[in-house]
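Q: Got a structure for you, questions after.
Listed below in structure tokens is the structure:
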């Protein structure tokens, strides 16, 4: 099988949420797997000189409208969360810990966190919320809390963020396939076209 | 027939060029016409605090790659122009003048200018180039030069830019359909889906 799709995401990114609902189907369609890679946009924006979409003059209003409309057009449950954006360091570390443990609930847990924030109004920046959602899925909350606090997990997240910056990741969702970079939920169709060309 | 699609573009925007090759087909498909509205991104970027994509850290490299790849995937002739970006005030004024005259070559001339810049390496920031291309299409270059220099045309372009800012246009291509805003060539599919929902 060909190399996995590197799927970079910040849990606070609406377009990453939309992509998270469809990336596995896209990968299957292309005979690939998905490497789910949580990162933090905060440190990346410091390098790129950008900021959260909704804070940008003019773009902010449009973005809010586009979030809701995109969700509607693609049939994805969505309620503009408050607060927005949020810190996602707990959620990202939790994900990395579960992946490191080889826990097969890691991916469903990512999808659960996204949905909790973007469809159910749960503030996943809070550690308690992350642990509660984990518990509901049969993931041991105490073990997860200990994992989130581990130094090696904290370091791993930093490494992942730096690695993403080195690879040119400046926003999410960001997909890298065989070194080819694609930014945005609206590049899914480009990925399909591109893979078809590669195959022919 | 329903109201036209307002199609805002800057002649220096690659994604506006891509959109310019397909907007008439999209409009026909949706039983609409196109109101081609040249604007200048320079004054808009002053309001939005943004700048040309290729000048932005990290995003610039990606953008250049995405321009070429998008053109390839959609079968649109493209050669990354140098210089880039350029001043498009002559081209924009020329277009407005032809439209004001009711010249039915106005739209083909817009498409000709886009192609000259993005596929043929012609620098359409130069007045001589604009006039030469006009002449080749049977548009009187002397009349056009006089039109470009008219005070009312200069004012019209300013009004159009301010009007675009008032309507929230912060980049191009920007399509407004019945007051619904869509930004980017990658929103063409969203427009299709959105219009289908409106009709049902």
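Protein chains in written order, with my numbering: chain A, 1 to 200; chain B, 1001 to 1200. Note that beta-carbon positions come from the ideal geometry of N, C-alpha and C, so glycine has one too.
#1: Among the candidates B:1144, B:1117, B:1095, whose CA atom is the shortest distance from the CA of residue 1036 of chain B?
#2: For a test of the three-state rule: what should DSSP assign to residue 1007 of chain B, helix, strand or coil?
#3: Beta-carbon separation of residue 1017 of chain B and residue 1118 of chain B under 7 Å?
#4: Sort out for me which residues DSSP pairs residue 1202 of chain B with in a bridge.
#5: Compile a chain-ordered list of the residues in the stretch 170 to 188 of chain A whose CB is closer than 7 Å to at least one CB of chain B.
#6: Looking at residue 183 of chain A and residue 171 of chain A, is the spacing between their C-beta atoms short of 7 Å?
#7: Could you give the C-beta distance for residue 1114 of chain B and residue 1011 of chain B, rounded to a whole number, given that I count them as a contact under 8 Å?
#8: Going by DSSP, name the residue or residues bridged to residue 34 of chain A.
#9: If we count the other Cβ atoms within 10 Å of its Cβ and call it buried at 16 or more, is residue 216 of chain A buried or exposed?
#10: Please confirm whether residue 13 of chain A has its beta-carbon closer than 7 Å to some beta-carbon of chain B.
#11: With a Cβ-Cβ cutoff of 7 Å, do residue 1048 of chain B and residue 1087 of chain B count as a contact?
#12: Please decide whether residue 193 of chain A counts as near chain C, where near means a Cβ-Cβ distance under 7 Å.
#13: Please go through the same chain and pick out, in chain order, the residues whose beta-carbon is closer than 6 Å to the beta-carbon of residue 1156 of chain B, but skip the five residues on each side of it.
#14: Which residue wins for smallest C-alpha separation from residue 1099 of chain B, given the options B:1052, B:1153, B:1132?
#15: Which runs of the alpha helix (DSSP H) at least 4 residues long sit entirely within the stretch 136 to 171 of chain A? Give them in chain order.
#16: Tell me which same chain residues have a C-beta within less than 7 Å of the C-beta of residue 128 of chain A, skipping the five on either side of it?
#17: Quick check on residue 1076 of chain B: does DSSP put it in helix, strand or coil?
#18: Could you work out which residue in B:1079, B:1106, B:1102 is closest to residue 1120 of chain B when comparing CA atoms only?
#19: Looking at chain B, which residues of the stretch 153 to 172 of chain A have a Cβ within less than 7 Å of any of its Cβ atoms?
#20: List, in chain order, every chain A residue whose beta-carbon is nearer than 8 Å to that of residue 1049 of chain B.
#21: Between which two residues does the alpha helix (DSSP H) holding residue 1029 of chain B run?
#22: Between the Cα of residue 1033 of chain B and the Cα atoms of B:1041, B:1140, B:1002, which residue gives the shortest distance?
#23: Between the beta-carbon of residue 105 of chain A and the beta-carbon of residue 148 of chain A, is there less than 7 Å?
#24: Would the beta-carbon of residue 1110 of chain B fall within 7 Å of that of residue 1006 of chain B?
#25: DSSP three-state label for residue 176 of chain A, please.
#26: For residue 1182 of chain B, which residues does DSSP report across the bridge?
A: Walking through what the data contain:
#1: B:1095
#2: strand
#3: yes
#4: Outside the shown range of chain B (1001 to 1200) lies residue 1202 of chain B, about which nothing can therefore be said.
#5: 170, 181, 183, 186
#6: yes
#7: 6 Å
#8: A:5
#9: The requested residue 216 of chain A is not part of the displayed model; chain A covers only 1 to 200.
#10: no
#11: no
#12: Here the protein chains are A and B, and chain C is not one of them.
#13: 1096
#14: B:1153
#15: 141 to 149, 151 to 166
#16: none
#17: coil
#18: B:1079
#19: 168, 170
#20: 56, 57
#21: 1023 to 1029
#22: B:1002
#23: no
#24: no
#25: strand
#26: B:1175
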